[in-house]
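In terms of our numbering, the numbers along the sequence shown are unbroken and rise by one, the last being 142. For each residue, glycine too, the CB sits at the ideal point set by N, CA and C. Worksheet for the structure shown next.
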Amino acid sequence: MAIREIRVVGDEILRKKARRVDKIDDRIKTILDDMIETMHKSEGVGLAAPQVGILRKLVVIDLGDGVIELINPEIVEQEGEAIDQEGCLSVPGVTGKVLRPARVKVKAVDRNNKPLEIEGTDLLARALCHEIDHLHGILFIDKIITEEGEQS
Ligand code: CO
């Protein structure tokens, strides 16, 4: 496992669309392992592959109760609205309020190519939407309602 460099806003790769993963080989598994290590080291709650310079549909999330790995995640249901604070490892020093669905259902596969379905509310719904946005070249600052500005 290795720590990967996190790309920050201004880097064009963050604005590109990630491609589907067709074959889950050792390379993909290594990327997932590295993403998890990089997320933990950076004290983030989620990371998408474009943030480490890889345009593949890979997401990791850890809200403190275990790592969730998602390959080719897709939001298949969403409901309600919720506004809350967000930040992003690729946008250092900025937080702001973003409107997200209150509940989402996501379909994906795990590293064993087993289909999985994950339903999230509150922070998990927010994290799923935020990370899946990264796969489409969208950053939370595009959706900010009120910016909180620089954090010290
Ligand atoms: Co982010």
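Helix, strand or coil: which one does DSSP assign to Pro40?
The answer is helix: DSSP assigns Pro40 an H, G or I state.
Quick one: give me the first and last residue of the beta strand (DSSP E) that Asp74 is part of.
Unbroken beta strand (DSSP E) run through Asp74: 72 to 76.
Decide if Gln75 is buried, meaning its Cβ has at least 16 other Cβ atoms within 10 Å, or exposed.
exposed
What residues in its chain sit with their C-beta under 7 Å from that of Thr111, if we drop five residues either side in the sequence?
Ala92, Arg93
Considering Arg(-6), what are the terminal residues of the beta strand (DSSP E) in which it resides?
Premise fails: Arg(-6) is in no beta strand (DSSP E) and is neither H nor E.
Confirm the yes/no value for this check: CB of Leu118, any heavy atom of the ligand CO, distance under 7 Å.
no
Arg46, DSSP secondary structure in three states:
Assigned with DSSP and collapsed to three states, Arg46 falls in strand.
Out of Arg10, Gly43, Arg9, Asp15, which has the shortest C-alpha to C-alpha gap to Met25?
A check of alpha carbon separations from Met25 across Arg10, Gly43, Arg9, Asp15 identifies Gly43 as the nearest.
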